[in-house]
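Structure, as structure tokens:
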Amino acid sequence: MASITQVRRWHRLLAPLIGIQVLLWSISGAYMVLTDIDDIHGDHLVAEPLLPIDHAQVRLTFDGVKADYPGAMHIRLKQTPQGPVYFFKDGGIARAIDAKTGELLTPPDEASIRARAKLVYTSDDPIVKVSLYEEQAPAEMSPRLLPLYRVDFDASLSPSLYFSASTGELVGKRYDGWRLFDFLWMLHIMDYLERDNIHNNLLRIASLLALLLALTGVLLAWRSLKPAPEHEKPETKA
């Protein structure tokens, strides 16, 4: 069994090795539990009008969509200002077809994306920039959503809305509060590339080291509460 001297040595070795990461876990964890996740998601930035589906206009059924697009997944019927539309993924590509005619809708242009952004954005801040991403997504968005339009507004905390360049659907809301959360999440899970893998080996190793640090600390605290054996007591001078 390890002596208390060995436990103390291990604790002193582990403290600088993993202590900074433990501090980062504490700071990032505190931010996560003290903030409103709906605010972090940027729900306050948009208010999409919820239109009831006009079933009288729907001519194409779900089965019809599957027949025309056998690889279609996540099929959704949604009412838009232009009428009912089916949205789905086909071979990883976002598609939108008119539920009245079954025709594939033309991808939106920048003007229609600007109009869509102004419609759903909850403030009257002006649009300062519209960017199209076709080959490489911004770091804050998944490449699986490409192609994308990004609409930046002139406002505090730099809000941005993302729309599918294939269907015109709103697919993301970002602002500096979300970006700070994402940075802290990266530090928390120790995935510095994709920022979404909570099963990476670096996190596993750090967790084991932190556990050892905690256990050795508990042993030292428990030992400090016990009276020291006679042979370990410091000598007193007469």
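Just so you know, we're using this note's numbering here: the sequence shown kicks off at 15 and counts up by one. Backbone N, C-alpha and C fix where the C-beta goes; we use that ideal spot for every residue, glycine too.
Strand pairing of residue i, partner residues [DSSP]
{"i": "residue 94", "result": "97"}
{"i": "residue 146", "result": "163"}
{"i": "residue 141", "result": "167"}
{"i": "residue 135", "result": "60"}
Bounding residues of the beta strand (DSSP E) (the contiguous stretch that carries residue i)
{"i": "residue 186", "result": "184-188"}
{"i": "residue 174", "result": "174-178"}
Proximity test, Cβ basis, 8 Å: residue i and chain D
{"i": "residue 136", "result": "The structure shown has no chain D; it contains just one protein chain."}
Whole-angstrom C-beta distance between residue j and residue i, which should lie under 8 Å
{"i": "residue 112", "j": "residue 97", "result": "7 Å"}
{"i": "residue 190", "j": "residue 171", "result": "4 Å"}
{"i": "residue 182", "j": "residue 122", "result": "4 Å"}
{"i": "residue 226", "j": "residue 185", "result": "Incorrect: roughly 43 Å between the Cβ atoms, too far for contact."}
{"i": "residue 101", "j": "residue 114", "result": "So it is not a contact: roughly 15 Å between Cβ atoms."}
{"i": "residue 164", "j": "residue 145", "result": "5 Å"}
{"i": "residue 42", "j": "residue 198", "result": "4 Å"}
{"i": "residue 61", "j": "residue 136", "result": "5 Å"}
{"i": "residue 31", "j": "residue 223", "result": "6 Å"}
{"i": "residue 162", "j": "residue 151", "result": "6 Å"}
{"i": "residue 156", "j": "residue 109", "result": "18 Å between Cβ atoms; not a contact."}
Start and end residues, alpha helix (DSSP H) containing residue i
{"i": "residue 218", "result": "215-239"}
As assigned by DSSP and simplified to three states, the class of residue i
{"i": "residue 206", "result": "coil"}
{"i": "residue 119", "result": "coil"}
{"i": "residue 30", "result": "helix"}
{"i": "residue 152", "result": "coil"}
{"i": "residue 212", "result": "coil"}
{"i": "residue 17", "result": "coil"}
{"i": "residue 25", "result": "helix"}
{"i": "residue 252", "result": "Confidence in residue 252 is poor, its pLDDT being 45 and thus under 50, which makes the residue's placement unreliable; the coordinate value appears in the next sentence. Note: residue 252 maps to coil in three-state DSSP."}
Residue i Cβ short of 7 Å to the ligand HEM heavy atom set
{"i": "residue 46", "result": "This structure lacks the ligand HEM, and indeed carries no ligand of any kind."}
* **Contiguous beta strand (DSSP E) assignments of at least 3 residues, all confined to the stretch 51-113** => Entirely contained in the stretch 51-113, the beta strand (DSSP E) runs reaching 3 residues are, in chain order, 86-94, 97-104, 107-112.
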